[in-house]
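For the sequence shown, the working numbering assigns the number 233 to the initial residue and increments by one for each residue that follows.
The C-beta atom is built at its ideal place from N, Cα and C for all residues, glycine as well.
Model, not experiment: these values are computed from the prediction.
Here is the structure we will look at, set down as structure tokens.
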Amino acid sequence: MNLLKERILSDGRAINADVLKVDSFINHQVDTVLMEAVAEDFARHFKDKGITKIVTIESSGIAPALLTAHELGVPLVIFKKKASRVLNGSLLQTEVTSFTTNSTYELTASPKFLKSDDHVLIIDDFLANGEAVTGAIRLLRMAHATVAGIGILIEKSFQPGRKKLEEAGFEVYSLARIKEMSTGHIEFID
Ligand code: 5GP
């Protein structure tokens with residue numbers, strides 16, 4: 233998606249060969265016009281896949297996931313990074329290793345919002361090692377829901393996330409795929 237790639241080139245900052253900062257338009261301050269364009273693109277791509285729900289992982293995926301859910305006319309379910317006191321009943325939980333902090337957290341969801349006839353699109357801001365998305369898939373499996381596909385804003389294609397997910401049989405649709413990067417340099421896969 234050209235709009236996103238151009239924005240990454242103008243305002244993104246590769247702080248090293250592995251981590252890209254996008255806090256001026258996605259992760260901290262959010263460009264709502266860009267997020268709307270992102271949502272339109274995801275909705276166009278996934279509109280015929282029979283999606284009943286969108287799932288994202290708090291917090292940076294929420295903005296694009298919410299707008300995509302609105303475009304597709306389906307609910308958004310936000311997976312939490314720790315058990316919330318207001319989520320009642322037995323929770324679905326799985327341990328995930330965070331790419332950015334290298335620590336682990338319990339990805340958590342209430343089974344109330346996931347049913348066996350749900351066909352779910354997972355949306356997240358970044359795909360690196362695929363840990364967050366595979367954690368989300370584990371929770372969906374526990375709820376006996378099915379995965380319709382995975383929508384990613386920024387995929388770092390030099391990290392193994394896409395390969396892992398594709399080998400497991402999932403479709404990964406990424407709006408910007410970074411081939412390589414270093415301080416001051418970002419190169420995309422066409
Ligand atoms: P994964 O689980 O695929 O290894 O990493 C994906 C998660 O880590 C995303 O939800 C995102 O929050 C975070 N992440 C991974 N790589 C980056 C990065 O280069 N920049 C930022 N800002 N977040 C990242």
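Item to check | Proximity test, Ile283 beta-carbon vs the ligand 5GP heavy atom, cut-off 7 Å | outcome: no
Checklist entry - Where in the stretch 237-287 do unbroken runs of the alpha helix (DSSP H), each at least 4 residues long, occur, reported from the N-terminal end onward? => result Listed in chain order, the complete alpha helix (DSSP H) runs (minimum 4 residues) inside the stretch 237-287 are 264-278.
Next on the checklist: Using CA atoms only, rank isn't needed, just tell me which of Glu238, Asp255, Ile247 and Ser335 is closest to Asp357.
Outcome noted: Asp255
Next on the checklist: Could you check if Thr332 belongs to the surroundings of the ligand 5GP, using beta carbon to heavy atom distance under 7 Å?
Outcome noted: Correct: Thr332 has its Cβ closer than 7 Å to the ligand 5GP.
Item to check | Alpha-carbon to alpha-carbon, His351 and Ile421 | outcome: 29 Å
Item to check | Phe257 beta carbon less than 8 Å from that of Leu266 | outcome: yes
Next on the checklist: Which same chain residues end up closer than 6 Å to Gly362 when comparing Cβ atoms and leaving out the 5 residues on each side of it in sequence?
Outcome noted: Gly393, Lys396 and Leu397
Checklist entry - The alpha helix (DSSP H) spanning Val365 covers which residue range? => result Segment Glu363 to Met374, the alpha helix (DSSP H) holding Val365.
Item to check | Under the three-state DSSP convention, the category Gly383 falls into | outcome: DSSP places Gly383 within a strand segment (E or B) once states are collapsed to three.
Checklist entry - If you draw a straight line from the alpha carbon of Met374 to that of Ile310, how long is it in whole angstroms? => result 16 Å
Next on the checklist: Short of 8 Å in beta carbon distance, which residues of its chain neighbour Lys281, apart from the five on each side in sequence? Order them along the chain.
Outcome noted: If the five residues before and after Lys281 are omitted, its C-beta is found closer than 8 Å to the C-beta atoms of His351, Leu353, Ala380 and Gly381, all from its own chain and listed in chain order.
Next on the checklist: Is it buried or exposed, Glu327, if we count other Cβ atoms within 10 angstroms and call 16 or more buried?
Outcome noted: exposed
Next on the checklist: Using DSSP's beta-bridge definition, name the partner residues of Gln197.
Outcome noted: Outside the modelled stretch of the chain, which goes from 233 to 422, sits residue 197, for which no answer is possible.
Item to check | Heavy atom of the ligand 5GP within 7 Å of Ser292 beta-carbon | outcome: Look at Ser292: its beta carbon is less than 7 Å from one of the heavy atoms in the ligand 5GP.
Next on the checklist: Quick check on Glu387: buried or exposed, where buried means 16 or more other Cβ atoms within 10 Å of its Cβ?
Outcome noted: buried
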